[in-house]
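Presented below is the structure to which this report refers.
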Amino acid sequence: MTLRADISSAYDEIVPASPALRSQIRILVGAERSAGPSSPHHGAWQRAIRGSVALVAALLVVLVVATLLIGGRVMQDWKAFTRSTPAQNQPSELALLEARPMQLTQLHADDLCPETPLNGPYVGSVPVYIAGGSSVSDPWGTYWYLAAVTDPTVTGLVLVRGQDLRTGQPVVFVGKWASGPVVGSDTLDGKLAPQHLDLLLDRRDPPLNTGHAGTFTWGFTAGFAAGASGCTGWQVDTTGYPTMIIVWRSTPGG
Amino acid sequence: MQHVLDANPLSPPLVGREKDFEDLILPLADSGYRLACAMLHDPQAAQDAVQEASLTAWRKLSGIRDRARVRPWFLGIVVNECRNSRRLKWVADVSLGLPAELTIVSAEDRILRGADLRRAISQLAHQDRVVVVLYFYLDLPLEEVAVVVRSSVGAARARLYRAVKRLRPDLEIQEALQ
């Protein structure tokens, strides 16, 4: 084998398929675009304040350094504070969201799917929007590569649970943000993936993307078992916000 | 598996910058992802890096005059994002990223060889690693490699030769570059 073939083979082993990547990029760019093009005035305004912001930032740095030099104890207290806070608050915050009652109502077979109207390219509203992407099907069912966009005001947890409104089947989640009880597993993109009942987004551990003005786009994968009607209800519970229900129709005529 | 792409019938027709992005940048996403995987050895971090690079490309797309140079321009942004990602995560040790299920005995030698090669490449200097991945893995011509690493073609070639000598000291350069 040539060096080129060796290198290609070596890297191909660690590069899994990423069929949702283009969809996720479209969603990210769509979020940026729908935030509105920045006008020339906006750019000029940004440039004008950049200098003063830098000056203020520099002064702040000097202030912080001076404070730390004067009282090393401040740092110790701060460390103790930051160490204990997440450990104490995280479980109770999640438990509070999990304890919110499910509000998804079951439909009869001949009921129309009460779709949530599109809001630009998304469904939903502040604090969480959901955008559609592409899907893959296998013998278990269909997986949709979707994205949730969180508003800048979201500072804590977002818990998403889903259910087919006609069949009552739960939506399952796989991948990075999947959480909660595991109800099965399936091979997706060549990997064995546990199927969870919850999607948990923690604003304190966000994805690396930097969407417009503090929004974050969380790519996620939702699975719908074979026989799903395509009329799906999402219950979105966010710390500091009331429960939001989004009804999403994934197939025409669903 | 049956793939269904872009199920969004409500999208309006693309015009202007949207169309340029769709035509010029999106087709490069896969190359960017392979490059990022090779640099980061972490598919999730690679996806994040390519998404971030795509956003940057979207913001700066109107400034692109020479469409023939879009590929090296975009891959250069991906390289920067990979570098930022590694800084953010304080990646001191490189995970080899071997999938757990790759334990088939007959393939063991090949896998070990691949792991050794990835480890050797990961120990090259950052720019040398970029040149090796672009030239050997993404099959970019040296002229484009040079644009990505912001050097002359000669300097890129020198980097490549130096890297090849470290990876395969027993090989003649011309033989290695095949």
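As given, the protein sequences belong to chains A and B, one line each in that order.
First residue of the first sequence: 1, per the working numbering; consecutive thereafter.
First residue of the second sequence: 255, per the working numbering; consecutive thereafter.
Just so it is clear, CB atoms sit at the ideal spot from N, CA and C, and this is done for glycine as well.
Since this is a predicted model, take the numbers as computed values, not measurements.
By alpha-carbon positions, which one of the options ends up nearest to residue i?
{"i": "D277 (chain B)", "options": "B:A322, B:L294, B:V384, B:R337", "result": "B:A322"}
{"i": "D164 (chain A)", "options": "A:G180, A:G156, A:T142", "result": "A:T142"}
{"i": "L388 (chain B)", "options": "B:A409, B:G286, B:E272", "result": "B:G286"}
{"i": "V402 (chain B)", "options": "B:L414, B:A283, B:I331, B:R313", "result": "B:I331"}
{"i": "C231 (chain A)", "options": "A:A109, A:P16, A:I245, A:C113", "result": "A:C113"}
{"i": "P19 (chain A)", "options": "A:A58, A:A5, A:A99, A:S135", "result": "A:S135"}
{"i": "A17 (chain A)", "options": "B:R422, B:V324, B:A300", "result": "B:A300"}
{"i": "V154 (chain A)", "options": "A:P206, A:A31, A:R22, A:Q24", "result": "A:P206"}
{"i": "R271 (chain B)", "options": "B:G317, B:M293, B:D284", "result": "B:G317"}
{"i": "L394 (chain B)", "options": "B:R288, B:K273, B:D274, B:L280", "result": "B:R288"}
{"i": "A374 (chain B)", "options": "B:W312, B:L421, B:V407, B:A410", "result": "B:L421"}
{"i": "G132 (chain A)", "options": "A:P139, A:G223, A:A148", "result": "A:A148"}
{"i": "D6 (chain A)", "options": "B:Y391, B:A292, B:R411, B:P281", "result": "B:Y391"}
{"i": "A255 (chain A)", "options": "A:Y241, A:L96, A:W144, A:L59", "result": "Beyond the ends of chain A as shown, which are 1 and 254, falls residue 255 (chain A); an answer cannot be given."}
{"i": "I279 (chain B)", "options": "B:L371, B:V333, B:A311", "result": "B:A311"}
{"i": "A222 (chain A)", "options": "A:R203, A:T105, A:H196", "result": "A:H196"}
{"i": "Q381 (chain B)", "options": "B:A412, B:R319, B:V324, B:E426", "result": "B:A412"}
{"i": "V384 (chain B)", "options": "B:I427, B:A430, B:N334, B:A303", "result": "B:N334"}
{"i": "A379 (chain B)", "options": "B:Q298, B:R337, B:A283", "result": "B:R337"}
{"i": "R4 (chain A)", "options": "B:K419, B:V386, B:Y415, B:P423", "result": "B:V386"}
{"i": "I245 (chain A)", "options": "A:A95, A:R161, A:L28, A:P121", "result": "A:R161"}
{"i": "W140 (chain A)", "options": "A:E13, A:D186, A:S92, A:G240", "result": "A:D186"}
So for residue i, helix, strand or coil by DSSP?
{"i": "D12 (chain A)", "result": "helix"}
{"i": "P170 (chain A)", "result": "strand"}
{"i": "G124 (chain A)", "result": "strand"}
{"i": "R207 (chain A)", "result": "Just to set this straight, residue 207 (chain A) is Pro in the shown sequence, not Arg. Looking at P207 (chain A) - three-state DSSP - the assignment turns out to be coil, as it is neither helix nor strand."}
{"i": "L104 (chain A)", "result": "coil"}
{"i": "G55 (chain A)", "result": "Residue identity differs from the one stated: residue 55 (chain A) is Leu in this sequence, not Gly. Helix at L55 (chain A)."}
{"i": "Y241 (chain A)", "result": "coil"}
{"i": "R416 (chain B)", "result": "helix"}
{"i": "H41 (chain A)", "result": "Confidence is the limiting factor: at H41 (chain A) the pLDDT is only 42, short of 50, which leaves the residue's position unreliable, though a coordinate-based value still follows. The answer is helix: DSSP assigns H41 (chain A) an H, G or I state."}
{"i": "T232 (chain A)", "result": "strand"}
{"i": "S92 (chain A)", "result": "helix"}
{"i": "L188 (chain A)", "result": "strand"}
{"i": "A17 (chain A)", "result": "coil"}
{"i": "D370 (chain B)", "result": "helix"}
{"i": "W248 (chain A)", "result": "strand"}
{"i": "L28 (chain A)", "result": "helix"}
{"i": "V154 (chain A)", "result": "coil"}
{"i": "L392 (chain B)", "result": "coil"}
{"i": "P114 (chain A)", "result": "coil"}
{"i": "I318 (chain B)", "result": "coil"}
{"i": "P194 (chain A)", "result": "strand"}
{"i": "P326 (chain B)", "result": "helix"}
{"i": "D6 (chain A)", "result": "helix"}
{"i": "I358 (chain B)", "result": "For I358 (chain B), the pLDDT reaches just 37, beneath the cut-off of 50, and the residue's location in the model is therefore unreliable, leaving the point undetermined."}
{"i": "A109 (chain A)", "result": "coil"}
{"i": "D138 (chain A)", "result": "strand"}
{"i": "S376 (chain B)", "result": "helix"}
{"i": "D202 (chain A)", "result": "strand"}
For the alpha helix (DSSP H) that residue i lies in, which residues bound it at each end?
{"i": "Q428 (chain B)", "result": "427-430"}
{"i": "M293 (chain B)", "result": "283-294"}
{"i": "W144 (chain A)", "result": "Segment 141-150 is the beta strand (DSSP E) holding W144 (chain A); no alpha helix (DSSP H) there."}
{"i": "A299 (chain B)", "result": "297-314"}
{"i": "L396 (chain B)", "result": "396-402"}
{"i": "R383 (chain B)", "result": "380-386"}
Assuming residue i and residue j make a contact with CB atoms under 8 Å, what is their CB distance in whole Å?
{"i": "V260 (chain A)", "j": "T116 (chain A)", "result": "Given that chain A is displayed from residue 1 to residue 254, the structure contains no residue 260 (chain A) and the question cannot be resolved."}
{"i": "V64 (chain A)", "j": "V236 (chain A)", "result": "Actually they do not touch by this definition, with Cβ atoms about 37 Å apart."}
{"i": "A31 (chain A)", "j": "T215 (chain A)", "result": "6 Å"}
{"i": "V158 (chain A)", "j": "L107 (chain A)", "result": "Not confirmed; about 25 Å, so no contact."}
{"i": "W248 (chain A)", "j": "T150 (chain A)", "result": "Going by Cβ atoms, the distance from W248 (chain A) to T150 (chain A) rounds to 17 Å, so no, they are not a contact pair."}
{"i": "A228 (chain A)", "j": "Q169 (chain A)", "result": "6 Å"}
{"i": "L208 (chain A)", "j": "S339 (chain B)", "result": "6 Å"}
{"i": "S9 (chain A)", "j": "G368 (chain B)", "result": "6 Å"}
{"i": "S399 (chain B)", "j": "A410 (chain B)", "result": "The question names Ser, but residue 399 (chain B) is Val in the sequence shown. The pair is a contact, with the Cβ atoms about 5 Å apart (cut-off 8 Å)."}
{"i": "F220 (chain A)", "j": "G175 (chain A)", "result": "6 Å"}
{"i": "G184 (chain A)", "j": "L104 (chain A)", "result": "About 20 Å separates the two Cβ atoms, so there is no contact after all."}
{"i": "L294 (chain B)", "j": "A303 (chain B)", "result": "7 Å"}
The beta strand (DSSP E) with residue i in it runs from where to where?
{"i": "D274 (chain B)", "result": "Counting along the chain, D274 (chain B) falls outside any beta strand (DSSP E), though it belongs to the alpha helix (DSSP H) covering 270-274."}
{"i": "F224 (chain A)", "result": "216-225"}
{"i": "V158 (chain A)", "result": "157-164"}
Would you mind telling me which residues of chain D sit closer than 7 Å to residue i, beta carbon to beta carbon, in chain order?
{"i": "H295 (chain B)", "result": "Going by chain labels, chain D is absent from the structure shown, which instead holds the protein chains A and B."}
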